[in-house]
Amino acid sequence: MATQPSAITGYTYDEFMLKHECPWAKHHHESPRRLSSILDRCRELSLFDRCLFVKCTKATDEDILLFHKESFLKSLSQAPCENIEQLKEFCRKYEDVYMNEFSFEAAKLAIGGSLNLLDSIMTNKCQNGFALVRPPGHHAMENEMNGFCLFNNVVITAKTAIEKYNLQRILIIDWDVHHGQGTQYAFYDTNKVLYISTHRYEYGQFWPNLAESDFDAIGEGNGRGFNVNIPLNKTGLKNVDYLYIFFNIILPIAYEYDPDLVLISAGYDVALGCPE
Numbered sequence: 061m062a063t064q065p066s067a068i069t070g071y072t073y074d075e076f077m078l079k080h081e082c083p084w085a086k087h088h089h090e091s092p093r094r095l096s097s098i099l100d101r102c103r104e105l106s107l108f109d110r111c112l113f114v115k116c117t118k119a120t121d122e123d124i125l126l127f128h129k130e131s132f133l134k135s136l137s138q139a140p141c142e143n144i145e146q147l148k149e150f151c152r153k154y155e156d157v158y159m160n161e162f163s164f165e166a167a168k169l170a171i172g173g174s175l176n177l178l179d180s181i182m183t184n185k186c187q188n189g190f191a192l193v194r195p196p197g198h199h200a201m202e203n204e205m206n207g208f209c210l211f212n213n214v215v216i217t218a219k220t221a222i223e224k225y226n227l228q229r230i231l232i233i234d235w236d237v238h239h240g241q242g243t244q245y246a247f248y249d250t251n252k253v254l255y256i257s258t259h260r261y262e263y264g265q266f267w268p269n270l271a272e273s274d275f276d277a278i279g280e281g282n283g284r285g286f287n288v289n290i291p292l293n294k295t296g297l298k299n300v301d302y303l304y305i306f307f308n309i310i311l312p313i314a315y316e317y318d319p320d321l322v323l324i325s326a327g328y329d330v331a332l333g334c335p336e
């Protein structure tokens, strides 16, 4: 008989991740406040008291190399963080990224916390989990930082679930306002991961401005039909619009896929109050 989880929801975070911030733009919109405000609100509502805390530990190189290239990992580990101008130049090699002296370790904690939460769920310590981690990840590609993402946390978590727990059907739902092209590229040719993204598109005029963010990018090879983009060409959509999308598109597809595990890239820049 399977053991019942001791807590319904697990959560993971580490205060160290608040040290990751842009050293040359202190009021940057991708700031530690995106995490601290969530933490503050959860504490205010005593939500953590009803959950299981899962400690963050740093991901190993082996974890990171499940997706990223070794040369890329080495490059990030040697970023010239001691010199602002050199660091700016290093980051300019990529699109819309920043780093400081804490970013590399924070990114390893973000992955490690997600993996520890996965382990807790798969070993029945909890039924589901909330990884409060930063830097974010869904734009990062195997050899490239992108869109304020250093390593792709959700891709590494999904690949770990496949390799370590032999899961065969993983559903990733991405509701960030931007398309998670890094996650899409990672699983575009496999049916072991179904990637569904709803994102602002404006006929390709909204970042990341990619043709492959449109509805006709459906996967290839074994992954054909396992990539679902829901591009939103109008702005100002409300809760009712998102509910319609979830009830009439996302949930029917999800039920048919019958996943072993569901991962959510929960980007809150789609929410009311965010400048984007």
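Using my numbering, the letters of the sequence shown map in sequence onto residues 61 to 336.
For every residue, glycine included, the Cβ atom is placed at its ideal position computed from N, Cα and C.
Nothing here was measured: the structure is a model prediction, and the numbers come from that model.
For aspartate 123, there is no enclosing beta strand (DSSP E); the enclosing alpha helix (DSSP H) has its first and last residue at 121-124. Where glutamine 146 is concerned, the enclosing alpha helix (DSSP H) starts and stops at 144-151. In summary, lysine 153 is exposed, with fewer than 16 beta-carbon neighbours lying within 10 Å of its beta-carbon over all protein chains present. Cα atoms of lysine 148 and phenylalanine 132: separation of roughly 17 angstroms, rounded to the nearest angstrom. Short of 8 angstroms from the beta carbon of proline 319, and not among the five residues preceding or following it, lie these beta carbons of its own chain, in chain order: Arg229, Ile230, Leu231 and Leu254. Collapsing the DSSP output to three states places glycine 242 in a helix.
If the five residues before and after proline 92 are omitted, its C-beta is found closer than 6 angstroms to the C-beta atoms of Leu78 and Glu81, all from its own chain and listed in chain order. Excluding five sequence positions before and after aspartate 329, the CB atoms of its chain that fall closer than 8 angstroms to its own CB belong to Asp236, Val237, His238 and Glu336, given in chain order. Judged by their CB atoms, valine 288 and isoleucine 256 are nearer to each other than the 9 angstroms cut-off.
The way I'd put it, the region 163-177 does touch the region 107-126; three or more beta-carbon pairs between them come closer than 8 angstroms. Taken atom to atom, the span from the alpha-carbon of asparagine 184 to that of phenylalanine 76 is near 27 angstroms. In this structure the region 239-249 lies against the region 257-269, because at least three pairs of beta carbons, one per stretch, are closer than 8 angstroms.
DSSP places serine 325 in the uninterrupted beta strand (DSSP E) bounded by 321-325.
CA-CA distance, tyrosine 302 to glycine 207, rounds to 24 angstroms. Of all alpha-carbon atoms in Ser325, Phe286, Asn176 and Ala326, the one lying nearest the alpha-carbon of glutamate 316 is that of Phe286. Taking the Cα of isoleucine 68 as reference, the smallest distance to any Cα among Phe266, Leu112, Pro83 and Glu204 is reached at Leu112. With 16 or more other Cβ atoms from the protein chains shown falling within 10 Å of its own Cβ, asparagine 213 counts as buried.
Between glutamate 223 and leucine 323 a beta carbon distance of about 15 angstroms is seen, past the 8 angstroms cut, so the two are scored as non-contacting. Beta-bridge partners of methionine 201 (DSSP): Glu204. For asparagine 289, DSSP records a beta bridge to Ser257. Closest in C-alpha terms to threonine 72, from the list Asn176, Trp84, Cys102 and Ser137, comes Asn176. DSSP places asparagine 188 within a strand segment (E or B) once states are collapsed to three. One Cα belongs to alanine 314, the other to arginine 284, and the distance between them is close to 16 angstroms. By the 16-neighbour rule on beta-carbons within 10 angstroms, serine 163 is buried. For cysteine 209 against proline 196, the beta-carbon gap comes to about 5 angstroms, under 8 angstroms, which counts as contact.
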